[in-house]
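*Asks:* In this note's numbering, the protein residues as written are 180 to 437. Where is the CB? At the ideal position from N, CA and C, for every residue including glycine. None of the values given here were measured: they were computed from a predicted structure.
#1: Going by other Cβ atoms of all chains shown within 10 Å of its Cβ, with 16 needed for buried, is residue 192 buried or exposed?
#2: Residue 382 lies in the alpha helix (DSSP H); which residues open and close that run?
#3: Beta-carbon separation of residue 433 and residue 200 under 8 Å?
#4: For residue 362 and residue 269, what's the separation of their Cα atoms in angstroms?
#5: Helix, strand or coil for residue 267? Go by DSSP, reduced to three states.
#6: Return helix, strand or coil for residue 229, following the three-state DSSP convention.
#7: What did DSSP end up calling residue 321 once you bin it into helix, strand or coil?
#8: By alpha-carbon positions, which one of 255, 397, 379, 354 ends up nearest to residue 345?
#9: Assuming residue 311 and residue 328 are in contact, meaning their beta carbons sit under 8 Å apart, how far apart are those beta carbons, in whole angstroms?
#10: Tell me which residues share the same chain as residue 207 and place their Cβ nearer than 6 Å to its Cβ, disregarding the 5 neighbours each side in the sequence.
#11: Round the Cβ separation of residue 231 and residue 217 to the nearest angstrom and send it over; I've been treating them as touching at under 8 Å.
#12: I need the straight-line Cα distance from residue 387 to residue 323, nearest angstrom please.
#13: Hey, residue 518 and residue 238: beta-carbon distance below 8 Å or not?
#14: Could you pull out every residue in the same chain whose Cβ sits closer than 6 Å to the Cβ of residue 265, ignoring the five residues on either side in sequence?
#15: Note the first and the last residue of the continuous alpha helix (DSSP H) segment covering residue 440.
#16: Run the CB neighbour count on residue 395, radius 10 Å, all protein chains shown included, and call it buried at 16 or more, exposed below.
#17: Identify which residue in 292, 369, 407, 435 has its Cα closest to the Cα of residue 393.
#18: Over the uninterrupted beta strand (DSSP E) stretch that includes residue 401, give me the two end residues.
#19: So, residue 308 versus residue 291, is the Cβ gap smaller than 8 Å?
#20: Which residue wins for smallest C-alpha separation from residue 374, given the options 223, 348, 366, 354?
#21: Measuring alpha carbon to alpha carbon, tell me which of 197, 409, 342 ends up nearest residue 403.
#22: Quick one, which of 331, 213, 203 has its alpha-carbon nearest residue 184's?
#23: Going by the CB atoms, is the gap between residue 280 and residue 332 shorter than 8 Å?
#24: Tell me which residues share the same chain as residue 250 and place their Cβ nearer than 8 Å to its Cβ, disregarding the 5 neighbours each side in the sequence.
#25: Quick check: residue 194 and residue 418, are their CB atoms within less than 8 Å of each other?
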């Protein structure tokens, strides 16, 4: 398989690991730069067995190249409105409302909300906001000329939930090929490997809805058991320090070459 890798990915400090993995596995690849304002991928190849990796921009634009396989999995089942029908109450943020950034949200006294982009995943990082924090954040974002957030940007809003620990799982062909924790709260002791009950939960979720041939699932432990934090497109999901990038590349190459 042929990997088309975006070089100018600045938000992921572990992005460089993909180049090391490709070199060690002797996998063919090409490196390109893509501006956030690009309307197409300025790259030509006779090969059809292409997989793209980088920012949301390259993942979105690669959908134009319908003859690339696997190309990009951007969109489709990755939309909350699709996968929420299958995962239901297994989602950390099951009940959400959708709004334009320009809309005024209703806040209770001292309320905190979890707010994230709805369909443009990387225009900002979803997190918990107070009313003042959200208003300040949006004011500054709309004032900034370099920010991709506009008044018409869509966000999804839900009640802020407490998590104990959170992990990212890389799923290819219905199998978890790699996973690791990226967050521990409340002085929870560090664990190198995801606990067995977390993996059992994730496999049950894959059984409910194997969302794509390759995708990324973030899960978390709460006081009500394990939940899905969110689903991410594998073409633009960032690595963490404990991610075994070599295992992921190897699994992608084997699965889609067959």
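*Replies:* From the atom records:
#1: exposed
#2: 375-387
#3: no
#4: Straight-line Cα distance between these residues: approximately 19 Å.
#5: helix
#6: Strand.
#7: helix
#8: 397
#9: With a Cβ gap of about 18 Å, residue 311 and residue 328 do not count as contacting.
#10: 181
#11: Going by Cβ atoms, the distance from residue 231 to residue 217 rounds to 13 Å, so no, they are not a contact pair.
#12: 42 Å
#13: Since the first residue shown for the chain is 180 and the last is 437, residue 518 is missing from the structure and cannot be characterised.
#14: 387, 388
#15: The requested residue 440 is not part of the displayed model; the chain covers only 180 to 437.
#16: buried
#17: Selected option, being the one with the closest Cα: 435.
#18: 393-401
#19: yes
#20: 348
#21: 342
#22: 213
#23: yes
#24: 229, 230, 231, 241, 242, 244
#25: yes
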